[in-house]
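The sequence shown begins at 21 in our numbering and counts up one residue at a time. Glycine included, every Cβ here is placed at the ideal spot set by N, Cα and C. If you're wondering where the values come from, they're calculated on a predicted model, not measured in any experiment. Below is one structure, written out as structure tokens, with a few remarks after it.
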Amino acid sequence: MNPNNKLRGLLVALAICVLALPSAANIWILQAILTGDQEVPPNGSQAVGVVNMAYNDVTNMFNMTILLEGIAQEDLTASHIHQGPAGVNGPVIFSIGAGNTYTQTPNGLMKILQDVGPLPESNEPFLLSGQNYVNVHSVQFPGGEIRGQLIVVPEPGTMIALFAGLGLLAARRKNAKR
């Protein structure tokens, strides 16, 4: 067999293997609890909300579910993802939408976003370090009625290791006292 054909065959096989490799994307799960006392300045709103987000760090695309209670659909004027740490107002980096883009449910308002974005790649370090927040604006509170920081939810394996480590530490302390 010709050595060039053998080399060509190996290169083709290598190319196929490389193309078949899975993506190295991480899917980050983030959550936020939205309340009026997290607004800057805090307000007396009784509305609350919950946000669940799945973020792909390769495509910068995300899925998000938002549940709101205590805000009428017609009063919700806007909702956004902002860049900024807790206690600080920051710029809008993604518009989620006004009340007419939410679905009315028996318990409040809901919005589901799938494969949206991308979020600016330069924002990723802020997102993954808890320096982005969701802000919901209303007629009564135009600067923001409820707000919550997006926080990365630890993966179950990390939590299991943490609790196992704490258990071992407690057992070691108990044995050391004997």
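Endpoints, alpha helix (DSSP H) assigned at residue i
{"i": "L7", "result": "The requested residue 7 is not part of the displayed model; the chain covers only 21 to 198."}
Straight-line Cα distance separating residue j from residue i
{"i": "G150", "j": "G64", "result": "24 Å"}
{"i": "L41", "j": "M81", "result": "At L41 the pLDDT is 44, less than 50, meaning the model places this residue with poor confidence and gives no usable figure here."}
{"i": "E141", "j": "Q134", "result": "18 Å"}
{"i": "V173", "j": "Y75", "result": "12 Å"}
{"i": "T55", "j": "V136", "result": "25 Å"}
{"i": "F146", "j": "M130", "result": "26 Å"}
{"i": "D77", "j": "E89", "result": "30 Å"}
{"i": "I116", "j": "N109", "result": "17 Å"}
{"i": "Q66", "j": "A44", "result": "42 Å"}
{"i": "S99", "j": "L148", "result": "20 Å"}
{"i": "E144", "j": "P138", "result": "11 Å"}
{"i": "V71", "j": "G128", "result": "14 Å"}
{"i": "H157", "j": "I47", "result": "28 Å"}
{"i": "N83", "j": "L50", "result": "10 Å"}
{"i": "A35", "j": "V68", "result": "Reliability fails at A35, whose pLDDT of 48 lies under 50, so the model's placement of it is uncertain and no value is given."}
Residue i versus the options, residue with shortest Cα-Cα distance
{"i": "A118", "options": "I86, G137 and P111", "result": "I86"}
{"i": "Q169", "options": "N46, G107 and I47", "result": "G107"}
{"i": "H102", "options": "N72, Y153, I47 and F161", "result": "Y153"}
{"i": "P62", "options": "E165, L139 and I171", "result": "E165"}
Start-to-end residues for the beta strand (DSSP E) that takes in residue i
{"i": "I166", "result": "I166 to Q169"}
{"i": "Y136", "result": "The amino acid occupying residue 136 in the given sequence is Val; Tyr does not appear at that position. G128 to V136 is the extent of the beta strand (DSSP E) around V136."}
{"i": "T123", "result": "T123 to T125"}
{"i": "V156", "result": "N152 to S158"}
*Which parts of the region 47-114 are runs of the beta strand (DSSP E), unbroken and 3 residues or longer, counting only runs that do not cross its ends?*
Residue ranges of uninterrupted beta strand (DSSP E) with 3 or more members, entirely inside the region 47-114 and ordered along the chain, are 47-55, 68-76, 82-89 and 96-103.
_Below 8 Å, how does it come out for the region 119-132 and the region 92-102: are there three or more Cβ pairs, yes or no?_
These segments touch.
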